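Asker:
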Amino acid sequence: LPDEYVIAVDPATIPYSLLLMLQ
Amino acid sequence: YVNFFTHSSVAQLPEAAKEFAEEISRLSTGDGQKVTVIWKTGMPANFEVILNPTTSFWGEGNFIRYLSRMGVLDNTQDTDDMLLDMSHQLLVLSDDRKEQTKLADRLMGTIRKQKASQSVDYTTYSALRNFRNATKSDKVDVVLQDIMGRL
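Taken in order, these protein sequences are the chains called A and B.
Its first residue numbered 1, the first sequence is counted upward by one per residue in the numbering used here.
Its first residue numbered 1001, the second sequence is counted upward by one per residue in the numbering used here.
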């Protein structure tokens, strides 16, 4: 696995999946 | 562990994005996998994963598929692919609210009928919550709550 994931996101849509991964 | 940056292409960060970053910061433990999110506009798609200077791929659903294949999330099943594609399409259809609403109904109908994997839950939750933000339609709320209840 990489040390870090860099994700570019258009703020018009929110990547809520990241939120679920932290819960 | 998630860090946020705002690229100069973003004139003003929408309220929903600010709230999202605050919520993530509250949940972040400060250790574990490092993720950097760069808010950026003008891209060919709304989500790009940059693995290294020469390798990147597009789409939140594809990121979830990638994590499944790397063993970070539960493995996706063949039947999940259709749901991941529908979730992706739901975001893409934002210019056509009528079609988008029809697809949201179909997606919700399908996930009620089959046992959802972790990958599908993450992806459909994100797509339906973005649909809710855009349309203010509360008909997705029950499904969002169901998914949260499963986690």
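Beta carbons: idealized from backbone N, C-alpha and C, even for Gly.
No experiment lies behind these values; they were computed from the predicted model shown.
(1) Let's test the definition: count the other Cβ atoms within 10 Å of the Cβ of B/GLY1059 and tell me whether it reaches 16, buried, or not, exposed.
(2) Helix, strand or coil: how does DSSP classify B/VAL1010 here?
(3) Between the region 1126 to 1134 of chain B and the region 12 to 19 of chain A, do at least 3 Cβ pairs fall closer than 8 Å?
(4) At a Cβ threshold of 8 Å, is B/GLU1060 touching chain A?
(5) Are any of the Cβ atoms in chain A nearer than 8 Å to that of B/GLU1099?
(6) Could you pull the start and end residues of the beta strand (DSSP E) that A/ALA8 belongs to?
(7) Report the residues of the region 1034 to 1062 of chain B with a CB closer than 9 Å to any CB of chain A, ordered along the chain.
(8) Are the CB atoms of B/MET1108 and B/VAL1143 nearer to each other than 8 Å?
(9) Taking the beta carbon of B/GLU1048 as the centre, do at least 16 other beta carbons fall within 10 Å, making it buried, or is it exposed?
(10) Can you tell me which of B/PRO1053, B/SER1117, B/PHE1004 puts its alpha carbon nearest to the alpha carbon of B/MET1082?
(11) Could you check whether the Cβ of B/ARG1065 sits closer than 8 Å to any Cβ belonging to chain A?
(12) Measuring straight from C-alpha to C-alpha, what distance separates A/ALA8 and B/GLN1114?
(13) Shorter than 8 Å from the beta carbon of B/VAL1143 to some beta carbon of chain A?
(14) Would you decide whether B/PRO1053 is buried or exposed? Buried here means 16 or more other CB atoms lie within 10 Å of its CB.
(15) Sorted by chain position, which residues of the same chain lie with C-beta nearer than 7 Å to B/VAL1092's C-beta, five sequence neighbours on each side aside?
(16) For B/VAL1010, which residues in chain A fall below 9 Å Cβ to Cβ?
(17) Hey, out of B/THR1124, B/ALA1017, B/ASN1062, whose CA is closest to B/LEU1090's CA?
Answerer: Once the coordinates are examined:
(1) Taking a 10 Å sphere around the C-beta of B/GLY1059, we find 16 or more other C-beta atoms and assign the residue as buried.
(2) coil
(3) yes
(4) yes
(5) Chain A, which has no Cβ nearer than 8 Å to the Cβ of B/GLU1099, makes this no.
(6) Counting along the chain, the beta strand (DSSP E) containing A/ALA8 begins and ends at 4 to 9.
(7) LYS1034, VAL1035, THR1036, VAL1037, ILE1038, TRP1039, LYS1040, THR1041, GLY1042, MET1043, ALA1045, ASN1046, PHE1047, GLU1048, VAL1049, ILE1050, LEU1051, ASN1052, SER1056, GLU1060, GLY1061
(8) yes
(9) buried
(10) B/SER1117
(11) no
(12) 32 Å
(13) no
(14) exposed
(15) none
(16) ASP10, PRO11
(17) B/THR1124
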